[in-house]
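Counting in our numbering, the sequence shown runs from 8 upward without gaps.
The beta-carbon is built from N, C-alpha and C at its ideal position, and this holds for glycine as well.
The block underneath contains the structure these notes are about, expressed in structure tokens.
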Amino acid sequence: MSRLSVLLLLAGSIGCGSSSPEPANPVHPNGGSKGTASGGSAAGGTTGGGAGVTSSGGSDGTATGGAAAGAAGGTGGTAGTNGSTGGSGATPSSSASAAYSDIPCNVAAVLQNNCASCHGATPAFGAPMSLTRAADFTKKAKDGTHTIGQAVITRINDDQTPMPQPPNARLNAADNSTLATWIQAGAKAESCSTSAATTGAPDAVLTTDPSGPGITCYDIKARDSSGNKFSVPTTPDLYHLFYYAPPWGTTKVHMISWRPIIDNKAVIHHWLFYNSDAAVADKTDADGGGAHPNAQLTCGWAPGGRGFVLPDGIGQDVSGAGFVLETHYNNTTGAPSPDSSGVRVCVTTNLRPKEAGIHWLGTELILLPAGGDAVGTCTPTAVTGPVNILAATPHMHLQGRRMKTIINRKDGTKETLLDKPFDFNTQIGYDTPTVIMPGDTLTTTCTYGGAAIYGEGTKNEMCYNFVLAYPNGALSSGSFLRKNGCTGL
Ligand code: HEC
Numbered sequence: 008m009s010r011l012s013v014l015l016l017l018a019g020s021i022g023c024g025s026s027s028p029e030p031a032n033p034v035h036p037n038g039g040s041k042g043t044a045s046g047g048s049a050a051g052g053t054t055g056g057g058a059g060v061t062s063s064g065g066s067d068g069t070a071t072g073g074a075a076a077g078a079a080g081g082t083g084g085t086a087g088t089n090g091s092t093g094g095s096g097a098t099p100s101s102s103a104s105a106a107y108s109d110i111p112c113n114v115a116a117v118l119q120n121n122c123a124s125c126h127g128a129t130p131a132f133g134a135p136m137s138l139t140r141a142a143d144f145t146k147k148a149k150d151g152t153h154t155i156g157q158a159v160i161t162r163i164n165d166d167q168t169p170m171p172q173p174p175n176a177r178l179n180a181a182d183n184s185t186l187a188t189w190i191q192a193g194a195k196a197e198s199c200s201t202s203a204a205t206t207g208a209p210d211a212v213l214t215t216d217p218s219g220p221g222i223t224c225y226d227i228k229a230r231d232s233s234g235n236k237f238s239v240p241t242t243p244d245l246y247h248l249f250y251y252a253p254p255w256g257t258t259k260v261h262m263i264s265w266r267p268i269i270d271n272k273a274v275i276h277h278w279l280f281y282n283s284d285a286a287v288a289d290k291t292d293a294d295g296g297g298a299h300p301n302a303q304l305t306c307g308w309a310p311g312g313r314g315f316v317l318p319d320g321i322g323q324d325v326s327g328a329g330f331v332l333e334t335h336y337n338n339t340t341g342a343p344s345p346d347s348s349g350v351r352v353c354v355t356t357n358l359r360p361k362e363a364g365i366h367w368l369g370t371e372l373i374l375l376p377a378g379g380d381a382v383g384t385c386t387p388t389a390v391t392g393p394v395n396i397l398a399a400t401p402h403m404h405l406q407g408r409r410m411k412t413i414i415n416r417k418d419g420t421k422e423t424l425l426d427k428p429f430d431f432n433t434q435i436g437y438d439t440p441t442v443i444m445p446g447d448t449l450t451t452t453c454t455y456g457g458a459a460i461y462g463e464g465t466k467n468e469m470c471y472n473f474v475l476a477y478p479n480g481a482l483s484s485g486s487f488l489r490k491n492g493c494t495g496l
């Protein structure tokens with residue numbers, strides 16, 4: 008089957024949910040030569056007319072190759088991770104050593120294990136340069152005042168915009184010192200004759216999908232209006248929106264997992280996936296980003312994020328009438344480049360006993376002409392028993408620097424739900440398994456680096472912590488416009 012027909016098939020599979028009158032698409036076997044790995048059987052024999060899982064068919068899909076080592080997908084037994092542990096896996100990779108041929112072995116190992124997924128011989132995910140040859144470290148950095156080597160030392164010790172970028176793990180003290188010592192001594196070329204540099208290739212995204220009666224997975228991806236790959240222009244920092252009607256139609260479903268589909272590493276930087284209350288024009292797309300009136304962040308991915316599997320017995324409410332996949336591109340290849348990255352969501356029509364929903368913590372009282380903190384305390388009115396918080400996804404705009412949510416226990420003690428640096432360009436979720444009891448409140452503090460005025464455009468600011476919790480609606484103050492809103496207003 009030609010690539011084009013695979014793509015057309017794929018495009019057709021979206022919007023062909025179980026209630027669709029269109030004929031069912033054949034289930035396309037997973038795994039092109041280098042596409043996404045196993046797990047596609049999830050779709051076989053599921054709901055009548057189910058669209059089936061198709062291979063995402065990326066020419067260099069990151070979901071391939073040994074990554075299964077770290078994959079928790081498919082078990083459903085434990086919550087997967089939104090990415091907080093992503094990137095630390097050490098998956099053997101045999102082909103990368105040549106790239107480090109003039110870097111000492113111990114340094115090469117640090118680079119290979121921690122930087123190569125973005126700063127490889129061909130930089131990916133918006134990284135501006137390779138870090139694979141000694142000479143890469145003595146070149147001038149972007150601003151021209153210092154070398155890349157100096158920038159490396161700064162960034163590996165920078166708590167606000169660290170390298171590796173979140174959600175990838177920071178360097179441990181030994182690796183930090185190995186890299187910094189070599190750079191400080193002049194980043195001298197020295198050949199590595201052993202194979203010490205050949206371990207580790209951190210692209211450990213989930214590679215399998217849950218399977219079982221009632222479960223169908225859908226790929227919601229970048230595409231043009233004909234369903235072909237989206238042609239990414241060379242515009243720097245392009246934000247583009249892809250609109251989808253729920254591919255399962257009006258049938259009530261629970262989302263039980265999501266994982267990233269990464270097609271064109273050279274141009275995709277990150278994406279956010281919103282479920283909006285209002286319907287959208289299916290299969291359309293438009294430039295823009297940041298403004299999502301009445302839409303909640305269902306999940307978000309930045310390089311290093313792995314995906315998420317809901318725990319057994321819990322399903323996520325995705326009943327908003329429309330979906331928006333917001334992609335951020337950085338195409339520096341010099342020519343338009345096709346991409347079909349996005350998200351694979353698996354849903355079940357066998358509704359799980361417990362329903363989790365996204366709750367809006369934070370505040371809209373943001374009026375900080377010189378930056379600073381905006382604070383909102385959520386006093387839930389709907390809590391009559393324990394509320395289980397599974398994950399938290401901070402959302403601010405360009406001036407956002409840090410988000411913190413503190414649990415104020417009824418007995419006066421305080422616990423930290425989340426306290427993380429924020430970077431608009433790498434918005435990710437964190438696993439935050441916690442139980443809230445009646446009488447507890449949640450205070451969210453958003454810190455801004457510059458003028459911050461509330462609004463929906465990218466240049467205005469927001470302060471939302473999208474908290475996934477069950478029972479659905481429990482963290483609602485009942486006084487706020489948005490569904491499950493719980494702010495200090
Ligand atoms: C998940 C992808 C990813 C990983 C892993 C990663 N980086 Fe980066 N890096 C980026 C991106 C994207 C940028 C550009 C945006 C920015 O500066 O934050 C960048 C920028 C940088 C810069 C700034 C370059 C300049 O000219 O100012 C340095 C230095 C850097 N990275 C070093 C490292 C080192 C060292 C490692 C490993 C220890 C690493 N990075 C791991 C994605 C990554």
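- Distance from the CA atom of Trp308 to the CA atom of Trp278, rounded to whole angstroms, is 5 angstroms.
- The beta carbon of Thr145 sits closer than 7 angstroms to the beta carbons of Thr154, Gly156, Ala194 from its chain, once the five residues preceding and following it are set aside; these are given in chain order.
- Of all C-beta pairs linking the region 401–416 to the region 458–477, three or more are shorter than 8 angstroms, placing the two stretches in contact.
- Two segments are said to touch when three or more pairs of C-beta atoms, one from each, lie closer than 8 angstroms; by this definition the region 315–331 touches the region 245–261.
- Here Val442 is exposed. Its C-beta has fewer than 16 other C-beta atoms within 10 Å.
- Every beta strand (DSSP E) of 3 residues or more that sits fully in the region 366–452 is shown, in chain order, as 379–385, 394–402, 407–415, 421–428, 437–443.
- Under the DSSP assignment, Ser108 falls outside any alpha helix (DSSP H); it carries neither an H nor an E label.
- Around the Cβ of Ala128, a 10 Å sphere holds fewer than 16 other Cβ atoms; the residue is exposed.
- Close CB contacts of Asn301 within its chain, under the 7 angstroms cut and outside five residues either way in sequence, are with Ser283, Asp284, Ala285, Arg489 (chain order).
- The three-state secondary structure of Ala342, taken from DSSP, is coil.
- Short note on Pro310: C-beta closer than 8 angstroms to some heavy atom of the ligand HEC.
- Taking a cut-off of 8 angstroms on C-beta distances, the region 446–454 does not touch the region 170–186, as fewer than three cross pairs fall below it.
- Proximity of the region 369–378 to the region 346–358 falls short of the contact definition, fewer than three beta-carbon pairs being nearer than 8 angstroms.
- In the same chain as Pro343, and ignoring 5 residues on each side of it, the C-beta atoms closer than 6 angstroms to its own belong to Ser238, Pro240, in chain order.
- Pairing Cys199 with Ser108 gives a Cβ-Cβ distance under 9 angstroms.
- Note on geometry: alpha-carbon atoms of Ile190 and Glu422 lie some 40 angstroms from one another.
- Counting of Cβ neighbours within 10 angstroms places Ile263 among the buried residues, the total reaching 16 or more.
- Using a Cβ distance threshold of 9 angstroms, Leu332 and Tyr281 count as a contacting pair.
- Its chain contains Gly378, Gln406, Arg408 as the residues whose beta carbon lies nearer than 7 angstroms to that of Gly456, once the 5 sequence neighbours on both sides are disregarded; these appear in chain order.
- Annotation for Ile163 indicates a beta carbon within 8 angstroms of some heavy atom of the ligand HEC.
- The residue from Ile321, Leu178, Asn338 with its alpha-carbon nearest to that of Asn357 is Ile321.
- Counting only the Cα atoms, Gln323 lies some 38 angstroms from Leu118.
- Taking 8 angstroms as the cut-off, one finds at least one heavy atom of the ligand HEC near enough to the beta carbon of Thr168.
- Taking 9 angstroms as the cut-off, the beta carbon of Ala476 is found closer than this to the beta carbon of His366.
- Between Pro478 and Val394, the CB-CB gap stays under 9 angstroms.
- Its chain contains Ala187, Ile190 as the residues whose beta carbon lies nearer than 7 angstroms to that of Ile160, once the 5 sequence neighbours on both sides are disregarded; these appear in chain order.
- Leaving aside the five residues that flank Pro111 on each side, the residues in its chain whose CB is nearer than 7 angstroms to its CB run, in chain order, Trp189, Glu197, Cys199.
- Checking the DSSP bridge columns, you'll see Val352 partnered with Tyr225, Trp265.
- As computed with DSSP, Asp294 is found in a beta bridge with His247.
- Per DSSP, Leu482 is not a residue of any alpha helix (DSSP H), being assigned neither H nor E.
- In the three-state DSSP reduction, Thr454 falls in the strand class (E or B).
- Annotation for Gly341: Thr241 place their beta carbon closer than 7 angstroms to its own, counting only its chain and skipping 5 residues before and after.
- Within the chosen limit of 8 angstroms, the ligand HEC reaches the beta carbon of Ala134 through at least one heavy atom.
- Inclusion of Pro171 in the 8 angstroms shell around the ligand HEC follows from its C-beta lying nearer than that to a non-hydrogen atom of the ligand.
- In terms of side-chain proximity, the C-beta atom of Ala158 is found nearer than 8 angstroms to a non-hydrogen atom of the ligand HEC.
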